[in-house]
Amino acid sequence: MSLNTEPVAAPAPVEHPRPLPKRTMSFRDKWADSAFNIAAVTILTLSIIAVVYPLYFIVIASISDPSAVYEGKVWLFPSGITLEGYQRILADSRIWNGLGNTVIYTVLGTAISVTTILFGAYALSRKDMPGRKFLMLLFVITMFFDGGLITKYLVVRDLGMLDTVWAVVLPGAVGVWNLIIARSFFENTIPEELREAAQMDGANDFTFFFKMVLPLSKPLIMLMIMVHVVAHWNSFFDALIFLNDDTKYPLQLVLRNILIQSDVSSAGTTGGDIESYAAAQRIGELTKYAMIVVSSLPLMIALPFMQKHFTKGTMIGAVKS
Amino acid sequence: MSRILARPTPAAPASSRPPQRKPTSLRLKRVARAWQLYVLLIPSLVYIAVFKYWPMYGVQIAFRNYNPVDGFTGSPWVGLQHFIRFVNSYQFSQVVGNTLWIAVLGLLVAFPVPVVLALLVNQLQSERFKKFTQTVLYSPAFISTVVVVGIMFVLLSPRSGLVNNAIQLAGGQPIFFMGSPEWFRPVYVISDVWQNAGFSMIVYLAALSGIDPALHDAAKVDGASKFQRIRHIDLPGIMPVITVLFILAIGNLLNVGFEKALLMQTNLNLPTSEIIQTYVYHAGLQQAQFSYSAAIGLFNSVLNLVLLLTFNWVARRANQATLW
Chain A
25 MSLNTEPVAA PAPVEHPRPL PKRTMSFRDK WADSAFNIAA VTILTLSIIA
75 VVYPLYFIVI ASISDPSAVY EGKVWLFPSG ITLEGYQRIL ADSRIWNGLG
125 NTVIYTVLGT AISVTTILFG AYALSRKDMP GRKFLMLLFV ITMFFDGGLI
175 TKYLVVRDLG MLDTVWAVVL PGAVGVWNLI IARSFFENTI PEELREAAQM
225 DGANDFTFFF KMVLPLSKPL IMLMIMVHVV AHWNSFFDAL IFLNDDTKYP
275 LQLVLRNILI QSDVSSAGTT GGDIESYAAA QRIGELTKYA MIVVSSLPLM
325 IALPFMQKHF TKGTMIGAVK S
Chain B
125 MSRILARPTP AAPASSRPPQ RKPTSLRLKR VARAWQLYVL LIPSLVYIAV
175 FKYWPMYGVQ IAFRNYNPVD GFTGSPWVGL QHFIRFVNSY QFSQVVGNTL
225 WIAVLGLLVA FPVPVVLALL VNQLQSERFK KFTQTVLYSP AFISTVVVVG
275 IMFVLLSPRS GLVNNAIQLA GGQPIFFMGS PEWFRPVYVI SDVWQNAGFS
325 MIVYLAALSG IDPALHDAAK VDGASKFQRI RHIDLPGIMP VITVLFILAI
375 GNLLNVGFEK ALLMQTNLNL PTSEIIQTYV YHAGLQQAQF SYSAAIGLFN
425 SVLNLVLLLT FNWVARRANQ ATLW
């Protein structure tokens, strides 16, 4: 039994002992099948365009002359190339500060979450731990009922965590879904015989966990790290409610204030059309396009690398333990 | 990304204890022998105690007039006063109505799309096109909610947005999408499909890959067309997964998308965009009416739980897969 390959592979295709008899489809059915294929490919191609085009447009708009975008001349190719949007971002200290904060929150938060989840999930995966079912129930209950936003806020406030890094990394640290996924991974990949053999050789639970289980769980650890990095990189809400000091804002909250709030404040002022004001508006729009590109780029570049792990993670979760 | 879905292993009820109870000393010995496992579990237990059960205990402020000095348990008891005030307030029908609208619309439109996409992608012959489609369709899931809403604001801007440029090119009048109550719901649901359908599709694709190919071969021999095979093999094959995900979606019906709704809110679209949870946020954290908003939050949680239990019960009656 191989341990470090994919924990839960899809069932291997069934080999047929004999070649199948010739298909007995009628002409009409074959026609129906090719019509179906054409329809499927068309629908999927249209879906791909619908997903990609808005993103593509944002990229070309971010390097185009804002007046051309404003007048609706940019559709497929950038026009009047300018990097002013990007230059403005590079010069914006709020962005850099936010980026720095996000990196800190992401690294610290991921470390805390992944460690806690791996430890807890392993304990819960051990069928010989007395009280396991009751303890699991304690976790599962929190999936279906929680105290709500207000009491969570009051608890964090009572703990004196407002305006500290802990308010961003701790309140959402352990997702019960992730705990369950990790638990089923351990249940499915770590055979009991292995543990019994190790115990026979005098290994206690700690030694077994750190020396055997963790090295065998690299795919799970990778998955957990990525899930949390993505979640922390993209999160803004905990920072919004728990942080007042804007020098502590993570990137997403800075983005929200620039991308969304600034638009709201200027939404009613469509009428006042002073020339310089309009020009400033257009530069502002240009900066927004560039900002969307810059903030999404890191994850988009990492996506091909992460995809394998995420797909695998879905498999881990999809298997009933 | 807690959306990666597992079929949860429900904690079984206490009925599964061994038929004969072992003597206490023996059980204590087993507990003592497993002490290192409990140590590993401590961080997670402390976490749920502090950030899940303590707030849950604090929910009693919904029945009190909370003040910071007296805390969760010392504040004066007022019973159902806050609930009555909410139900009688003029926002009640609007906020609850908006929440149900968004939730039901989201469920009806956004739930079937990934299923259909998965069935179609699964039929593709070219492995490379399959991989490519999968990757492209699920990439928006990695874009943050803030940025997705930011994209909406720039693309739908009435002055310079892509969509309004296209509308004007076609001879129409520009529409102020983000400032119109009637456009909030369509924009919300469409962007939800745009961002999440590809990611949800993966779960169904995984389930489809578990269907025995022999079934398809046998059906082919019998002359079944592709459409018939999807209808009679693929769809029934992933039905348990669909049911479980559907029940979970119901259980989360009133919670999903709160952050996006909050980000999409402008003063102008509030008549449709104010949902229960954004109302809790505004009343509770911005106006510091802690008890009143905790009561509304509790109302929301209980409604959710009732929906979940009801649909799980319905699914069980229909002999479908259930959560427990």
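Taken in order, these protein sequences are the chains called A and B.
Residue numbers for the first sequence follow this note's numbering, so the first one is 25 and each next one is one higher.
Residue numbers for the second sequence follow this note's numbering, so the first one is 125 and each next one is one higher.
We put the CB at the ideal spot given by N, CA and C, even for glycine.
Rank the options by C-alpha distance to the C-alpha of residue i and give the top, closest one.
| i | options | result |
| --- | --- | --- |
| LYS336(A) | ILE245(A), LEU267(A), ALA302(A) and GLN285(A) | ILE245(A) |
| ASN121(A) | PHE329(A), LEU283(A), LEU275(A) and LEU321(A) | LEU275(A) |
| ASN258(A) | SER58(A), ASP116(A), ASN228(A) and VAL127(A) | VAL127(A) |
| ALA330(B) | ALA227(B), VAL239(B) and GLN184(B) | VAL239(B) |
| ASP170(A) | PHE382(B), ASN428(B) and PHE435(B) | ASN428(B) |
| MET325(B) | LEU286(B), TRP159(B), LYS255(B) and ILE267(B) | LYS255(B) |
| ARG283(B) | ALA63(A), TYR94(A), SER319(A) and LEU310(A) | TYR94(A) |
| TYR416(B) | PHE233(A), GLY172(A) and ALA302(A) | GLY172(A) |
| VAL170(B) | LEU162(A), ASN268(A) and GLY96(A) | LEU162(A) |
| LEU409(B) | GLY124(A), TRP99(A) and LEU267(A) | LEU267(A) |
| MET388(B) | GLN413(B), PRO305(B) and PHE370(B) | PRO305(B) |
| VAL237(A) | ASP116(A), GLY96(A), GLU211(A) and VAL253(A) | GLU211(A) |
| PHE234(A) | PRO78(A), VAL164(A), MET224(A) and ARG219(A) | ARG219(A) |
| TYR273(A) | PHE81(A), PRO78(A) and ARG118(A) | ARG118(A) |
| ALA304(A) | TRP99(A), ASP57(A), ARG112(A) and TYR77(A) | ARG112(A) |
| GLN331(A) | PHE210(B), VAL174(B), THR259(B) and ASN393(B) | THR259(B) |
| ASP336(B) | LEU229(B), PRO360(B) and VAL327(B) | PRO360(B) |
| SER320(A) | ASN125(A), ASP269(A), ALA302(A) and VAL254(A) | VAL254(A) |
Could you tell me whether the Cβ atoms of residue i and residue j are closer together than 8 Å?
| i | j | result |
| --- | --- | --- |
| LEU378(B) | ASN424(B) | yes |
| PHE187(B) | VAL202(B) | yes |
| TYR313(A) | GLY144(A) | no |
| PHE207(B) | ALA419(B) | yes |
| ILE400(B) | VAL220(B) | yes |
| SER263(B) | LEU283(A) | no |
| ILE136(A) | ALA206(A) | no |
| MET276(B) | VAL311(B) | yes |
| HIS256(A) | THR130(A) | yes |
| ASP229(A) | LEU161(B) | yes |
| LEU178(A) | GLY182(B) | yes |
| ALA390(B) | MET302(B) | The identity of residue 390(B) in the sequence shown is Thr, whereas the question assumes Ala. Closer than 8 Å, so yes. |
| LEU132(A) | VAL180(A) | no |
| GLY104(A) | SER86(A) | no |
| THR166(A) | ILE166(B) | no |
| ILE265(A) | LEU203(A) | no |
| ALA242(B) | PHE323(B) | no |
| ASP316(B) | LEU332(B) | no |
| LEU204(B) | PRO78(A) | no |
| LEU68(A) | THR396(B) | no |
| ASN443(B) | ILE371(B) | no |
In angstroms, rounded to a whole number, what distance separates the CA positions of residue i and residue j?
| i | j | result |
| --- | --- | --- |
| LYS412(A) | ALA439(B) | Because chain A spans 25 through 345 in this model, residue 412(A) falls outside it and cannot be assessed. |
| VAL317(A) | VAL271(B) | 9 Å |
| THR269(B) | LYS384(B) | 6 Å |
| VAL251(A) | THR134(A) | 9 Å |
| PRO90(A) | GLY274(B) | 17 Å |
| VAL278(A) | ASN246(B) | 41 Å |
| VAL189(A) | PHE261(A) | 14 Å |
| LEU107(A) | LEU114(A) | 11 Å |
| TRP225(B) | ILE73(A) | 29 Å |
| ILE314(B) | TRP307(B) | 11 Å |
| GLY292(A) | GLN285(A) | Confidence at GLY292(A) is low in this model, with a pLDDT of 43, below 50, so its placement is unreliable and the value that follows should be read with caution. Those two C-alpha atoms are separated by around 13 Å. |
| ASN61(A) | LEU248(B) | 8 Å |
| ARG441(B) | PRO364(B) | 14 Å |
| VAL288(A) | GLY308(A) | Residue placement at VAL288(A) is flagged as unreliable, the pLDDT there being 42, under the threshold of 50; the coordinate-derived value follows with that caveat. Spanning the two alpha carbons is a distance of roughly 13 Å. |
| ALA200(B) | GLY199(A) | Rather than Ala, the amino acid found at residue 200(B) in this sequence is Pro. Roughly 34 Å separates the two Cα atoms. |
| ALA92(A) | THR311(A) | 15 Å |
| ILE325(A) | LEU369(B) | 30 Å |
| ARG309(B) | THR66(A) | 27 Å |
Return the Cβ separation of residue i and residue j in integer angstroms, given the expectation that the two are a contact with Cβ distance under 8 Å.
| i | j | result |
| --- | --- | --- |
| LEU386(B) | THR367(B) | Contact flag wrong, Cβ pair sits at about 31 Å. |
| ALA156(B) | MET153(A) | Not really, about 12 Å apart at Cβ, beyond 8 Å. |
How about residue i: is its C-beta nearer than 8 Å to some C-beta of chain C?
| i | result |
| --- | --- |
| ASN268(A) | Judged by its chain identifiers, the structure shown contains no chain C, and its protein chains are A and B. |
Just by C-beta distance, which residues in the region 307–340 of chain A are closer than 9 Å to chain B?
GLU309, LYS312, TYR313, MET315, ILE316, SER319, SER320, LEU323, MET324, ALA326, LEU327, PRO328, MET330, GLN331, PHE334, THR335, GLY337, THR338, MET339 and ILE340
If the cut-off is 7 Å on Cβ atoms, which residues from the region 200–216 of chain B count as contacting chain A, listed in chain order?
none
Proximal residues, the region 172–186 of chain A versus chain B, C-beta separation under 9 Å:
GLY172, LEU173, ILE174, THR175, LYS176, TYR177, LEU178, VAL179, VAL180, ARG181, ASP182 and LEU183
Relative to chain B, which residues along the region 205–225 of chain A have a C-beta separation below 7 Å, given in chain order?
ILE205 and SER208
If the cut-off is 9 Å on Cβ atoms, which residues from the region 233–256 of chain A count as contacting chain B, listed in chain order?
PHE233, LEU247, MET250, VAL251, HIS252, VAL254 and ALA255
Listed from N- to C-terminal order along the chain, which residues in the region 86–101 of chain A have their beta-carbon within a distance smaller than 7 Å of any beta-carbon of chain B?
VAL93, TYR94 and GLY96
Taking a Cβ distance cut-off of 8 Å, strictly less, list which residues of the region 50–77 of chain A are near chain B, in chain order.
SER50, ASP53, ALA56, ASP57, PHE60, ASN61, ALA64, VAL65, ILE67, LEU68, SER71, ILE72, ALA74, VAL75 and VAL76
What are the residues of the region 125–152 of chain A that lie near chain B, defined by any Cβ-Cβ distance shorter than 9 Å?
ILE136, THR139, THR140, ILE141, LEU142, PHE143, GLY144, ALA145, TYR146, ALA147, LEU148, ARG150 and ASP152
Mind listing which residues of the region 191–203 of chain A have their C-beta closer than 9 Å to chain B's C-betas, in chain order?
LEU194, PRO195, GLY196, ALA197, VAL198, GLY199, VAL200, TRP201, ASN202 and LEU203
Short of 8 Å Cβ to Cβ, which residues in the region 154–170 of chain A face chain B?
PRO154, GLY155, LYS157, PHE158, LEU159, MET160, LEU161, LEU162, PHE163, VAL164, THR166, MET167, PHE168, PHE169 and ASP170
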